[in-house]
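The listed protein sequences derive, respectively, from chains A and B. Okay, so the first sequence: first residue is 1 according to my numbering, each after it adds one. Okay, so the second sequence: first residue is 1001 according to my numbering, each after it adds one. Ideal placement from N, C-alpha and C gives every residue a C-beta, glycine not left out. Computed from a predicted structure; not experimentally measured. Below is one structure, written out as structure tokens; comments come after it.
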Amino acid sequence: MLYIPGNNPAMIQQGGIYGADSILLDLEDAVALNQKDAARTLVRNMMKVVDFYDTEVCVRVNHLSTPFGLADLEEIVPLQPSAIRYPKTESPEEVAELLKIIEKIEDRHGLPHNKMTLHAMIETAMGVQNVFNIASMFTRVDAITIGGQDLTADMNIIYTPDGAGIDFARKRIVMAAKASHIDVIDTVFPDVNDEEGLRRETEYAKKIGFTGKAVINPRQIDIIHEVFTPTEDEIRKAYRIVKEFRTNSAAGIGVFAIDGKMIDAPVVSRAEYILRLANVTVA
Amino acid sequence: MKPKIAAQSGTFESSDVIFLIEPLPDNSGRKLEITSTVMQQFGASFNRIVEDMLNQYDMTDIHLIAKDKGALEPTIKARLETAIKRSLNQQEGTLK
């Protein structure tokens, strides 16, 4: 997911060609306080006419506690992006209030309540504490994401490249997403010149369960894709596991071995997930 | 409507346009100064968009300066809408 500042027309109009799975048109932190009105109008106009091809488009609005949040929703909700990303989500009550406002706007425009989804950003200690309820209580919340910079600021600690200060939060957020069967997206890696650091952090994020990672520069997209895309070996192995599982299941065998390693339901489930990621069906 | 205050929107970046609007004395009409890096190819279209929007907002007694760096139509319209609304004191921005 590529962050694009909402007041940057050059980047917005090219949003669909960077190769990201999704772009996030940002009306919040990437926009100066005295340009919020300009960004909102620009994003609204661009969304109406720019072709983003098959790139999913999300918009990060300002929090409802700011003077900009409601105006953002009034302009953006009628355009029904794939998702609205809500910053600094701290409680399920907050999400309920947000959804109520969104649905009122949708009703006014004759729009359904089940098309556009919501991404809740967890960026405060309170949000981390309440993350499971935020992730699990609303069908429209289909992803949660961690905001590393704001979270470290809220915790009064310094963001370090090893991510030590937000490690607990990362794992707690991942677990809440897994328990709620929704996506979970890791925070940005702020140093665009440190490609090794980006790769290391992305590999770690994948290892602990994140399903994607946000980027702040198109240069970072390829590395994220390389890490998250299953390798050819992984796909071949997964294919073999699923195929043999089906053959064995038909013969009434639940557990079997491939190359001396036991294959049971959890291994099959992981293999099926890899094939889904790779868009491969077993013949 | 007549601008209440001087207002600005947009940037000098490529693919963007900067608009500056200021009020003129009563009965001055419109004074437009438009420059663009793509004036030869898209100047007529740019002028039409500006005139249409000024008509839409019924703007008069206005001095408008535009410096375009190849903005697309949605950007031109967004920047001009922002500048007009700021000049009418309908929303906050720069040059207040």
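Per DSSP, Asp1068 (chain B) is one residue of the beta strand (DSSP E) stretching across 1062-1068. Burial state of Asp194 (chain A) is exposed, judged by a 10 Å Cβ sphere holding fewer than 16 other Cβ atoms. The beta carbons of Ser1036 (chain B) and Gly1070 (chain B) sit closer together than 9 Å. A direct Cα-Cα distance of roughly 22 Å separates Arg85 (chain A) from Ala10 (chain A). Following the DSSP letters along the chain, one finds Met262 (chain A) inside the beta strand (DSSP E) bounded by residues 261-263.
Under the Cβ criterion of 9 Å, Lys1002 (chain B) is not counted among the residues facing chain A.
Here the C-alpha atom of Pro190 (chain A) lies approximately 20 Å from the C-alpha atom of Ile208 (chain A). The three-state secondary structure of Lys1002 (chain B), taken from DSSP, is coil.
Nearest in C-alpha terms to Asn62 (chain A), of all of A:Met121, A:Val128, A:Val50, A:Ala176, is A:Met121.
In this structure the region 68-86 of chain A does not touch the region 126-133 of chain A; the number of beta carbon pairs closer than 8 Å is below three. Contact of Leu1064 (chain B) with chain A by beta-carbon distance below 7 Å is absent, the smallest such distance being about 16 Å. Checking the DSSP bridge columns, you'll see His119 (chain A) partnered with A:Arg85, A:Ala143.
Counted as a single uninterrupted DSSP element, the beta strand (DSSP E) harbouring Ser1009 (chain B) occupies residues 1007-1009.
Secondary structure of Ile157 (chain A) (DSSP, three-state): coil. Thr139 (chain A) counts as exposed, since fewer than 16 other C-beta atoms from the protein chains shown sit within 10 angstroms of its C-beta. Under the three-state reduction of DSSP output, Ile1021 (chain B) falls in the strand class. Relative to Gly212 (chain A), the option among A:Thr160, A:Arg200, A:Asp183, A:Pro218 whose CA is nearest is A:Asp183. Within 7 Å of the CB of Gln1091 (chain B), the CB atoms of chain A belong to Asp37, in sequence order along the chain. Three or more beta-carbon pairs drawn from the region 171-185 of chain A and the region 142-149 of chain A are found closer than 8 Å, and the two stretches are therefore classed as touching. A Cβ of chain B is located within less than 9 Å of the beta carbon of Gln13 (chain A). In the assembly as shown, His113 (chain A) is an exposed residue. Its beta-carbon has fewer than 16 other beta-carbons within 10 Å. In the DSSP annotation of this structure, the continuous segment of the alpha helix (DSSP H) that includes Ile1049 (chain B) starts and ends at 1039-1056. Contact holds between the region 272-283 of chain A and the region 235-242 of chain A, because three or more Cβ pairs, one in each stretch, are under 8 Å apart. Residue pairing from DSSP places Arg60 (chain A) in a beta bridge opposite A:Asp26, A:Arg85. Ser1015 (chain B) belongs to the set of residues whose beta carbon lies under 9 Å from a beta carbon in chain A. At least one CB of chain A lies nearer than 9 Å to the CB of Gly1010 (chain B). Counting along the chain, the unbroken beta strand (DSSP E) around Arg1030 (chain B) starts and ends at 1030-1036. In this structure, the CA atom of Ile17 (chain A) is about 15 Å from the CA atom of Met46 (chain A). If you check the CB distance, Pro1023 (chain B) and Ile1084 (chain B) do not come in under 9 Å. Uninterrupted beta strand (DSSP E) stretches at least 3 residues long and entirely within the region 181-238 of chain A occur at 183-186, given in chain order. What Lys213 (chain A) touches in chain B, judged by beta-carbon distance under 8 Å, is nothing: the nearest beta carbon there is about 27 Å away. Linking Thr1075 (chain B) to Ser82 (chain A) through their CA atoms gives a straight-line distance of about 22 Å.
Between the C-alpha atoms of Phe132 (chain A) and Thr89 (chain A) there is a straight-line separation of about 12 Å.
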